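Heads up: the structure comes next, in structure tokens.
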Amino acid sequence: MTDTSFLGKLRALLGDPGGDVIYPCIQDLFENGLTVARFSPADPIPTRQDVTQYLASWCRHAGLSQEDCLAWLAEYSVAMLSSISRTSPSGIRHSTKSNLKHIYRADIPFICECDENPFRAHCSANCPVYADMQVKLLERKSKKPDIEHVIERPAEIFEMQKVSVRETYKEQFEAALEVIRGEMERGTERKAILDLLIERGFKTRTGKRWTYSILGNEQSRIRQGPLVESLPVRQAGSLRLEGSAENMMKESQEGNP
Numbered sequence: 006m007t008d009t010s011f012l013g014k015l016r017a018l019l020g021d022p023g024g025d026v027i028y029p030c031i032q033d034l035f036e037n038g039l040t041v042a043r044f045s046p047a048d049p050i051p052t053r054q055d056v057t058q059y060l061a062s063w064c065r066h067a068g069l070s071q072e073d074c075l076a077w078l079a080e081y082s083v084a085m086l087s088s089i090s091r092t093s094p095s096g097i098r099h100s101t102k103s104n105l106k107h108i109y110r111a112d113i114p115f116i117c118e119c120d121e122n123p124f125r126a127h128c129s130a131n132c133p134v135y136a137d138m139q140v141k142l143l144e145r146k147s148k149k150p151d152i153e154h155v156i157e158r159p160a161e162i163f164e165m166q167k168v169s170v171r172e173t174y175k176e177q178f179e180a181a182l183e184v185i186r187g188e189m190e191r192g193t194e195r196k197a198i199l200d201l202l203i204e205r206g207f208k209t210r211t212g213k214r215w216t217y218s219i220l221g222n223e224q225s226r227i228r229q230g231p232l233v234e235s236l237p238v239r240q241a242g243s244l245r246l247e248g249s250a251e252n253m254m255k256e257s258q259e260g261n262p
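Residue numbering for the sequence shown follows the numbering used here, starting at 6 and increasing by one per position.
What follows is the structure, given as structure tokens:
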């Protein structure tokens, strides 16, 4: 499906010189969305969140305000990316808004990855930023992840700060959950999801660096459904333990009539 209306809206927002920043990969995604036919059956298909965050970081790179970006990106995501998502239109709009806020607040840079872009979008060596993006891509590949040592705070101090910290990280944490859900739908292994969260600068609900165990806990909450996801961590944990105990008791009764 080709749709030039979103490209027209963007040209209007960017103004006359704005065409210089509509690179071949960006124009391809605007007009065609994600073209699944370009992937082989063995290739992982990028998620809606992947495309949304890519375009959101481009918007910031192109000089669009967060408000102007949201004005079209939410509707673009509904119209062009629904085919690769199980989320409802209202859910897609909410998710897009959360992803957009995270990209702008965290100053996520736009690195198109040139010919290696994960969307198989069109790329050209004549693109005005091709050489610069090649350098940035090589720099990113050469970087090693930083090792952060988390210093635990006394429990009473943590309790005092817990509410404000969670409010601070709420929006970007919701964006992280969208990424986790999307990767789980694709069958991505936990370690790969963890690497993705760290690479994109996401923090946990309390602002900490993601770890393997924290990710596992959040995945368990997601599998339990919306009810458990909406509960506080400790209450959700108690609910899961109660459910496990009930299942064990039921199995015991079935085995001893």
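C-beta atoms are modelled at their ideal positions from N, C-alpha and C, and glycine is treated no differently.
All values derive from a computational prediction rather than experimental measurement.
Backbone secondary structure at residue i - three-state DSSP
i, result
"lysine 196", "helix"
"proline 208", "Strictly speaking, residue 208 in this sequence is lysine, with proline absent from that position. In this structure, lysine 208 counts as strand in the three-state DSSP scheme."
"arginine 263", "The structure shown does not extend to residue 263, since the chain is modelled only from 6 through 262, so no value can be given for it."
"phenylalanine 115", "coil"
"valine 41", "helix"
"asparagine 122", "coil"
"cysteine 132", "coil"
"glycine 68", "coil"
"alanine 47", "coil"
"isoleucine 219", "helix"
"threonine 57", "helix"
"glycine 230", "coil"
Beta-carbon proximity list for residue i, same chain, < 8 Å, skipping 5 on both sides
i, result
"leucine 12", "Ile27, Gln32, Phe35, Glu36"
"histidine 127", "Pro29, Cys30, Gln32, Asp33"
"leucine 220", "Ile185, Arg195, Ile198, Leu199, Leu202"
"valine 134", "Tyr28, Cys117"
Closer than 8 Å to chain B by CB, residue i
i, result
"glutamine 177", "Annotation note: the requested chain B is absent from the structure, which comprises a single protein chain."
Inter-residue CB distance, residue i and residue j (contact presumed, cutoff 8 Å)
i, j, result
"tyrosine 174", "threonine 211", "7 Å"
"arginine 226", "threonine 52", "Wrong, their Cβ atoms sit about 19 Å apart, outside the cutoff."
"methionine 138", "isoleucine 116", "6 Å"
"glutamine 177", "arginine 110", "7 Å"
"arginine 214", "isoleucine 203", "7 Å"
Per-residue burial, residue i [other beta carbons within 10 Å of its own, 16 or more giving buried]
i, result
"asparagine 131", "exposed"
"alanine 17", "exposed"
"glutamate 188", "buried"
"serine 218", "exposed"
"arginine 186", "buried"
"serine 45", "exposed"
"isoleucine 181", "Residue 181 is actually alanine in this sequence, not isoleucine. Flag for alanine 181 reads buried."
Contact set for residue i: own chain, Cβ-Cβ below 7 Å, skip 5 residues either direction
i, result
"alanine 61", "Cys74, Leu78, Asn104, Leu105, Ile108"
"leucine 39", "Pro51, Val56, Leu86, Ile89, Phe124"
Neighbourhood of residue i by C-beta distance below 6 Å, restricted to the same chain and skipping five residues each side
i, result
"asparagine 122", "Cys30"
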